[in-house]
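Below: one structure, written as structure tokens.
Numbering (my numbering), first residue to last: 110 to 317.
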């Protein structure tokens, strides 16, 4: 059996400013760093085959904080990078809604109706296909044991959609996936079993 541990990068400056990051990056906040360290402590006794990370700086730094001084291989997987929001990246919700109010609302409320063309973004279908491809390759490489995946919020939604055949219109259904929250899924070669989704119990000491 394969145990798949999944986490989202720690909170960043742009997360706090309500700016879309996508393929761009901003620095981890003090809270984001602390919570990544706390997650690392929570997982300190877990023996992972390998850690897979998005190439994004915020994900790699989170992976490094979780890994700490453990002798675990860290693999960068380009297709685990966050969806590109094109011209929306680096802008706040208010700035985006000035010109794209309907399309911005579609992405978060009716993702199956989202149109990426008007702001030079990545197509949602194509994005999900690349995440599926990455996950299928990762699973092929790991028949048994435990792996850790450090990635992004929309990527984790795409992974969950793959595991449980969730339609695009329901991809934002609960639970919330906060930064450094922990999701664990067991795969027996046939089915993906939910162990925990978006757990944040290791973050409670910081009041998150």
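All C-beta atoms in this analysis are idealised placements derived from N, C-alpha and C, irrespective of residue type, glycine included.
query = Considering residue 308, what are the terminal residues of the beta strand (DSSP E) in which it resides?
reply = For the purposes of this step, residue 308 is identified with residue 199 of the chain shown, where counting begins at 1. That run of the beta strand (DSSP E) goes 301 to 308.
key: Inter-residue spacing [alpha-carbon to alpha-carbon] between residue 133 and residue 127   = In the chain shown, residue 133 corresponds to position 24, counting from 1. In the chain shown, residue 127 corresponds to position 18, counting from 1. Residue 133 and residue 127: Cα-Cα distance of roughly 14 Å.
query = If you draw a straight line from the C-alpha of residue 250 to the C-alpha of residue 271, how long is it?
reply = Here the question's residue 250 lines up with position 141 in the chain shown. Here the question's residue 271 lines up with position 162 in the chain shown. Rounded to whole angstroms, residue 250 to residue 271 spans 17 Å at the Cα level.
query = Rounded to a whole number of angstroms, what is the C-alpha to C-alpha distance between residue 278 and residue 269?
reply = Here residue 278 refers to the residue found at position 169 when the chain shown is read from its first residue. Here residue 269 refers to the residue found at position 160 when the chain shown is read from its first residue. The alpha-carbon atoms of residue 278 and residue 269 are separated by roughly 13 Å.
message = My parser needs the alpha helix (DSSP H) runs of 4 or more residues fully inside the stretch 135 to 201; what are they?
response = 139 to 151, 166 to 176
key: residue 180 classed as buried or exposed, judged by whether at least 16 other C-beta atoms fall within 10 angstroms   = Residue numbering aside, residue 180 sits at position 71 when the chain shown is read from its first letter. The residue in question, residue 180, is exposed, as its Cβ has fewer than 16 Cβ neighbours within 10 Å.
Whole runs of the alpha helix (DSSP H) within the stretch 232 to 285, excluding any shorter than 4 residues = 233 to 250, 262 to 273
inquiry  = Are the CB atoms of residue 189 and residue 256 within a distance shorter than 8 Å?
reply    = By one-based count along the chain shown, residue 256 stands at place 147. By one-based count along the chain shown, residue 189 stands at place 80. No, they are not a contact pair.
ask   = Where does residue 124 fall in DSSP's three states?
value = The residue given as residue 124 occupies position 15 in the chain shown. Helix at residue 124.
task = Can you give me the start and stop residues for the beta strand (DSSP E) that residue 116 sits inside?
result = Stepping through the chain shown from its first residue, residue 116 is reached at position 7. Its beta strand (DSSP E) spans residues 111 to 117.
request  = Taking the CB atoms as reference points, tell me whether residue 229 and residue 187 lie closer together than 8 Å.
outcome  = Position 120 of the chain shown, counting from 1, holds the residue named residue 229. Position 78 of the chain shown, counting from 1, holds the residue named residue 187. It is not a contact, given that the beta carbons lie outside the stated cut-off.
ask   = So what's residue 317 in DSSP terms, helix, strand or just coil?
value = Taking the chain shown and counting its residues from 1, one reaches residue 317 at position 208. Confidence at residue 317 is low in this model, with a pLDDT of 39, below 50, so its placement is unreliable and the value that follows should be read with caution. Reduced to three states, the DSSP call for residue 317 is coil.
task = Using three-state DSSP, classify residue 295 as helix, strand or coil.
result = Position 186 of the chain shown, counted from the start, is the residue given in the question as residue 295. Reduced to three states, the DSSP call for residue 295 is strand.
inquiry  = Would residue 148 and residue 261 be called neighbours here (beta carbons separated by less than 8 Å)?
reply    = Locating residue 148 in the chain shown gives position 39, counting from the first residue. Locating residue 261 in the chain shown gives position 152, counting from the first residue. Not in contact: residue 148 and residue 261 (Cβ atoms no closer than 8 Å).
key: Status (buried if at least 16 other CB within 10 Å, exposed otherwise) for residue 244   = As a first step, residue 244 is located in the chain shown; it is residue number 135 there, counting from the start. That one is buried.
ask   = Going by alpha carbons, who is nearest to residue 233 out of 183, 276, 200, 210?
value = As a working mapping, residue 233 is identified with position 124 in the chain shown. Comparing Cα-Cα distances from residue 233 to each of 183, 276, 200, 210, the minimum goes to 276.
Option nearest residue 248 by Cα separation, candidates 193, 131, 161 = Here residue 248 refers to the residue found at position 139 when the chain shown is read from its first residue. Checked all of 193, 131, 161; the closest Cα to residue 248 is 161.
key: Burial state of residue 137, where buried means 16 or more other Cβ atoms lie within 10 Å   = Position 28 of the chain shown, counted from the start, is the residue given in the question as residue 137. So residue 137 counts as buried.
ask   = Are residue 289 and residue 117 closer than 8 Å when you measure CB to CB?
value = Position 180 of the chain shown, counted from the first residue, corresponds to residue 289. Position 8 of the chain shown, counted from the first residue, corresponds to residue 117. Yes; because the gap between Cβ atoms is below 8 Å, this pair is in contact.
key: Buried/exposed call for residue 131, threshold 16 Cβ in 10 Å   = Position 22 of the chain shown, counted from the start, is the residue given in the question as residue 131. Result: buried.
request  = Quick one: grab the DSSP three-state call for residue 225.
outcome  = Within the chain shown, numbered from 1, the residue matching residue 225 stands at position 116. DSSP places residue 225 in coil when its eight states are reduced to three.
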